[in-house]
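Asker:
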Amino acid sequence: MAISPTQFAITTRQSRNWADAKRQVLSTYRRWIRAAPEIQTMYSVPLPVSAIRTRIRQEFERNRFVNKLSVVDILIARSHADYQETMNFWRQTTHIMSYFKEENFRGEKSLPSSFLAGFLEGRN
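Taken in order, the sequence shown gives residues 1 to 124; the numbers are from full-length UniProt numbering.
1) Please list the segments of the alpha helix (DSSP H) lying wholly inside the region 18-80, counting only runs of 4 or more residues, in order along the chain.
2) Excluding sequence positions up to five away, which residues of its chain have a Cβ less than 6 Å from the Cβ of residue 32?
3) Shortest alpha-carbon distance to residue 52 belongs to which of 42, 63, 61 and 37?
4) Given a threshold of 16 other Cβ atoms within 10 Å of its Cβ, counted over all protein chains shown, does residue 58 qualify as buried or as exposed?
5) Determine the DSSP secondary structure at residue 12, reduced to helix, strand or coil.
6) Measuring CA to CA, which of 73, 101 and 118 is closest to residue 17?
7) Secondary structure at residue 122, three-state DSSP: helix, strand or coil?
8) Where does residue 71 land, buried or exposed, given buried means 16+ other C-beta within 10 angstroms?
9) Using 10 angstroms around the beta-carbon of residue 127, count the other beta-carbons present and answer buried if the total reaches 16, otherwise exposed.
10) Smallest Cα separation from residue 12: which of 75, 62 and 67?
11) DSSP three-state label for residue 83, please.
12) Reducing DSSP to helix, strand and coil, say where residue 89 ends up.
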């Protein structure tokens with residue numbers, strides 16, 4: 001299935017007031033939550049959909065107490081761009097998994113602690 005690059009594009013605009021910004025944020029949040037199963041399938045994420053949705057919620061909660069309307073507008077625009085990149089498969093699995101740093105999906109030790117430890121392990 002071919003994807004048009006503009007399929008998920010959304011025009012960036014300024015919020016008129018806080019109610020408008022809240023409506024945009026909730027719409028963006030719902031769009032991300034609904035896309036979680038598709039993200040899991042597209043990127044072969046070894047986590048349940050509930051974990052992906054929890055992480056999405058954490059990302060939105062991180063910016064919960066932003067009190068400038070212009071900053072909220074920028075965050076909304078960035079979220080739209082991230083959504084478009086994710087759904088058009090312009091990211092790689094490692095980009096998606098970088099949101100789950102607590103999940104060690106590469107094994108016991110992903111990187112040696114020092115150069116000498118890596119050298120003795122035989123890693124370049």
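Cβ atoms here follow ideal geometry from the backbone N, Cα and C, with glycine treated the same way.
Answerer: Result, derived from the coordinates:
1) 18-43 and 49-62
2) Your numbering for residue 32 matches position 32 in the sequence shown. Result list for residue 32: 56, in chain order.
3) As a first step, residue 52 is located in the sequence shown; it is residue number 52 there, counting from the start. The shortest C-alpha separation from residue 52 is found at 37.
4) Residue 58 sits at position 58 when you count from the first residue of the sequence shown. Residue 58 is exposed by the Cβ-count criterion.
5) As a first step, residue 12 is located in the sequence shown; it is residue number 12 there, counting from the start. In the structure shown, residue 12 sits in coil (DSSP, three-state: anything other than H, G, I, E or B).
6) Taking the first residue of the sequence shown as position 1, residue 17 is located at position 17. When each option's Cα is compared against that of residue 17, the closest is 73.
7) On the sequence shown, position 122 is the one that residue 122 refers to. The answer is coil: DSSP assigns residue 122 none of H, G, I, E or B.
8) Position 71 of the sequence shown, counted from the start, is the residue given in the question as residue 71. By the 10 Å Cβ count, residue 71 comes out exposed.
9) Because the chain is modelled from 1 through 124, residue 127 falls outside the range shown and cannot be assessed.
10) For the purposes of this step, residue 12 is taken as the residue at position 12 of the sequence shown. When only C-alpha atoms are compared, the closest one is 75.
11) On the sequence shown, position 83 is the one that residue 83 refers to. Helix, per DSSP.
12) Position 89 of the sequence shown, counted from the first residue, corresponds to residue 89. Here residue 89 sits in coil by DSSP.
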